[in-house]
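This report concerns only the one structure given below.
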DNA sequence: GCTTTGACTCTCG
DNA sequence: TCGAGAGCCAAAG
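Written as structure tokens, this is what we have:
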């Protein structure tokens, strides 16, 4: 996750694939638990559909909004918690 | 040690 | 196109 270049995003699926498993949920779990908040850019990890996902009911809350803002700052367009230019910013690693 | 749940994904109806 | 079900891995109860 830390290898995700700035201005790019990836999906849980891809991360799991890179891990050699299908632990999509485990990845999301690790993010949710976020063992290392400062070094883990969870906001750069999205769903296969380019959606940030549902977040503890804060899908449209302030925490997500901030991450969205961060992505936009990096050049990732986000609309309604979804990656707009998903194909362009998606990092397949 | 087994069961439940989760920021997931895929397939079928 | 949308909803429901199954599969997957890991952490918490």
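Residue numbers (this note's numbering): 869 to 961. For every residue, glycine included, the Cβ atom is placed at its ideal position computed from N, Cα and C.
{"query": "Restricting to Cα atoms, I'd like to know which of 892, 917, 910 and 916 is closest to residue 873.", "result": "910"}
{"query": "Between the Cα of residue 918 and those of 908, 878, 960 and 900, spot the shortest distance and give me the residue it belongs to.", "result": "878"}
{"query": "Span of the alpha helix (DSSP H) holding residue 939?", "result": "930-942"}
{"query": "According to DSSP, simplified to helix, strand and coil, what is residue 887?", "result": "helix"}
{"query": "I need the boundaries of the alpha helix (DSSP H) containing residue 896, first residue and last residue.", "result": "892-901"}
{"query": "Who does residue 870 pair with in a DSSP beta bridge?", "result": "According to DSSP, which records beta bridges pairwise, residue 870 is partnered with nothing at all."}
{"query": "How many Å lie between residue 887 and residue 942 at the Cα?", "result": "26 Å"}
{"query": "Of all the options 915, 883, 949 and 884, which has the alpha carbon lying nearest to the alpha carbon of residue 930?", "result": "949"}
{"query": "Ends of the alpha helix (DSSP H) at residue 955?", "result": "954-957"}
{"query": "If you draw a straight line from the C-alpha of residue 954 to the C-alpha of residue 892, how long is it?", "result": "19 Å"}
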